[in-house]
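Engineer: Next up is a structure, given as structure tokens.
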Amino acid sequence: MVYIIALLSVIFLGLAILVVSRMASVVKNAAGPVEENHIGMSNRINAALFMVFLVLGLIGVIWSFEHSSNYFLPEASAPHGRRTDSLFWLSMAIITAAFFVTNALLFIFAWRYQYRAGRKAAYYPENHKLELIWTVIPAVVMALLVFTGWRAWRDIMSEAPKDAQVFEIVGKQFNWIVRYPGVDNNKLGAYNYKLIDNSNDAGIDYTDEASFDDFTSTTELHIPVNKPVLLKIRARDVLHSVFIPHMRVKMDAVPGMPTRFWFVADKTTDEMRNQTGDQNFGYEIACTEVCGRGHFSMRIRLIVEDEASWQAWCKEQKPLLSSTPELAARIPANLKAKAAKYLPADGTTAAPADSSTASMQQGGGVSIVSAAIR
1 MVYIIALLSV
11 IFLGLAILVV
21 SRMASVVKNA
31 AGPVEENHIG
41 MSNRINAALF
51 MVFLVLGLIG
61 VIWSFEHSSN
71 YFLPEASAPH
81 GRRTDSLFWL
91 SMAIITAAFF
101 VTNALLFIFA
111 WRYQYRAGRK
121 AAYYPENHKL
131 ELIWTVIPAV
141 VMALLVFTGW
151 RAWRDIMSEA
161 PKDAQVFEIV
171 GKQFNWIVRY
181 PGVDNNKLGA
191 YNYKLIDNSN
201 DAGIDYTDEA
211 SFDDFTSTTE
221 LHIPVNKPVL
231 LKIRARDVLH
241 SVFIPHMRVK
251 MDAVPGMPTR
261 FWFVADKTTD
271 EMRNQTGDQN
281 FGYEIACTEV
291 CGRGHFSMRI
301 RLIVEDEASW
311 QAWCKEQKPL
321 LSSTPELAAR
331 IPANLKAKAA
341 KYLPADGTTA
351 APADSSTASM
361 QQGGGVSIVS
371 AAIR
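Counting from 1, one number per residue, gives the positions in the sequence shown under full-length UniProt numbering.
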């Protein structure tokens, strides 16, 4: 280590000597006589190169935008998404106009006011009118952008309508769990992270009778078109983020801090296939927070369909109690009669659920840690 430090010190010293010698050479040349013709030619060449760079640069910027536009997302499939896009493109238009104006002036001035023998530069110690213009105009534009952005944010993040269809989406390493409220007046049952185990990934609490008809999916989320949808979002382990790119939906899933996002999907999956000309098109929900080695796999399909199709699909699904009857052991005795219609006809339950529940009640911290690890 000492030898490495010594070697770096020698290299640094050599570079310092080189810089000082070059600076001395520059100062010496600056103090000597200057050839007017040489300066004039150099400035003319540099001024011409500035103009060439300006033209080629603008051509490159325009070409880059036109080329990349082929990869832009299609028009948003949600009203709030189209509003967000309009604000984005308004901001881009203002920024682009300022970019072209300022850069054109920068390069044109370098060419127009290049060095010429006998011409002296004008000196403005102050210009209050000019300073007022370039201060007030940007301030007004920025204030308008901030105000319109704030109004959009206020509306997008407002409380969901009372008739919004409710879903829950839970992020965990490395997949999403979607929970549907069944048919009980659009109400999801309670949950408790202490109840999470291999048969109850979402930690559904079966002491709440609203949970009896809830069902889950880890592969797809079906939602009705033209109806408000409220996503209740949470995470089991680390930070995740719910992202529906075609609807401009993005909200973090934070452990211990439930979040939400509501929106209206106004284009079905089939309509988007016709609009894009891609019969393989499909909406998806992805994770946009790097959450570990399996982050790439956190994607599920999102199917937007008409109300009748969506209702028919939901009726075909089985509550988690029906597909995992061992969960019945977690139902309080006073609610077993209400839960009976969701259980298999033979009423069988698996013994491991009893032991699992007992171990969670008696094991305390150990069961909580094991649930967190899973």
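Glycine residues also receive a C-beta, built at the ideal position from the N, C-alpha and C atoms.
Straight-line CA distance for A350 to R154?
Structural biologist: Locating residue 350 in the sequence shown gives position 350, where the first residue counts as 1. Locating residue 154 in the sequence shown gives position 154, where the first residue counts as 1. With a pLDDT of 41 at A350, under the threshold of 50, the modelled position of this residue cannot be trusted, and the question is left open.
Engineer: Thinking C-beta only, is T216 closer than 8 Å to A202?
Structural biologist: Walking along the sequence shown from the start, residue 202 turns up at place 202. Walking along the sequence shown from the start, residue 216 turns up at place 216. Yes. Within cutoff.
Engineer: Return yes when the Cβ of P161 is within less than 8 Å of the Cβ of D214, no when it is not.
Structural biologist: Residue mapping note: residue 214 aligns to position 214 of the sequence shown, counting from 1. Residue mapping note: residue 161 aligns to position 161 of the sequence shown, counting from 1. Their beta carbons are not under 8 Å apart, which means D214 does not touch P161 by this criterion.
Engineer: By a C-beta neighbour count over all protein chains shown, 10 Å radius and 16 as the cutoff for buried, is Q275 buried or exposed?
Structural biologist: In the sequence shown, counting from the first residue as 1, residue 275 sits at position 275. Exposed: under 16 other Cβ atoms inside 10 Å.
Engineer: Between the alpha carbons of R299 and E271, how many angstroms are there, rounded?
Structural biologist: Along the sequence shown, read from residue 1 onward, the residue named residue 299 stands at position 299. Along the sequence shown, read from residue 1 onward, the residue named residue 271 stands at position 271. Distance between the alpha carbons of R299 and E271 is about 22 Å.
Engineer: Classify M247: buried if its beta carbon has 16 or more other beta carbons within 10 angstroms, exposed otherwise.
Structural biologist: For the purposes of this step, residue 247 is identified with residue 247 of the sequence shown, where counting begins at 1. Buried, by the Cβ-count rule.
Engineer: In whole angstroms, what separates the C-alpha of A97 from that of P224?
Structural biologist: For the purposes of this step, residue 97 is taken as residue 97 along the sequence shown, with counting starting at 1. For the purposes of this step, residue 224 is taken as residue 224 along the sequence shown, with counting starting at 1. Going by the C-alpha atoms only, they are around 41 Å apart.
Engineer: To the nearest angstrom, how far is it from the Cα of I169 to the Cα of I62?
Structural biologist: Position 169 of the sequence shown, counted from the start, is the residue given in the question as residue 169. Position 62 of the sequence shown, counted from the start, is the residue given in the question as residue 62. Whole-angstrom Cα-Cα distance: 41 Å.
Engineer: Take the Cβ of F88 as the centre, count every other Cβ of all protein chains shown within 10 Å, and call the residue buried at 16 or more, exposed below.
Structural biologist: Here residue 88 is taken as the residue at index 88 of the sequence shown, counted from 1. So F88 ends up on the exposed side.
Engineer: DSSP on K250, reduced to helix/strand/coil?
Structural biologist: The residue labelled residue 250 in the question sits at position 250 within the sequence shown. Looking at K250 - three-state DSSP - the assignment turns out to be strand.
Engineer: At 4 residues or longer, and completely inside the region 103-174: list those alpha helix (DSSP H) runs for me, N to C.
Structural biologist: Correct list: 128-156.
Engineer: Report the CB separation of I233 from Y283 in whole angstroms; it is logged as a contact under 8 Å.
Structural biologist: Within the sequence shown, numbered from 1, the residue matching residue 233 stands at position 233. Within the sequence shown, numbered from 1, the residue matching residue 283 stands at position 283. So it is not a contact: roughly 17 Å between Cβ atoms.
Engineer: Sort M23, H240, V10 and H295 by Cα distance to M257 and report the nearest one.
Structural biologist: Within the sequence shown, the letter at position 257 stands for residue 257. The shortest Cα separation from M257 among M23, H240, V10 and H295 belongs to H240.
Engineer: When DSSP labels each residue in this structure, what does Y180 get in the three-state scheme?
Structural biologist: Start at 1 with the first residue of the sequence shown, and residue 180 comes out as number 180. Note: Y180 maps to strand in three-state DSSP.
Engineer: Throw me the rounded Cβ distance for the A235 and A253 pair, which I believe falls under 8 Å.
Structural biologist: The residue you call residue 235 lines up with position 235 of the sequence shown. The residue you call residue 253 lines up with position 253 of the sequence shown. With 8 Å as the limit, A235 and A253 qualify as a contact, their Cβ atoms being about 4 Å apart.
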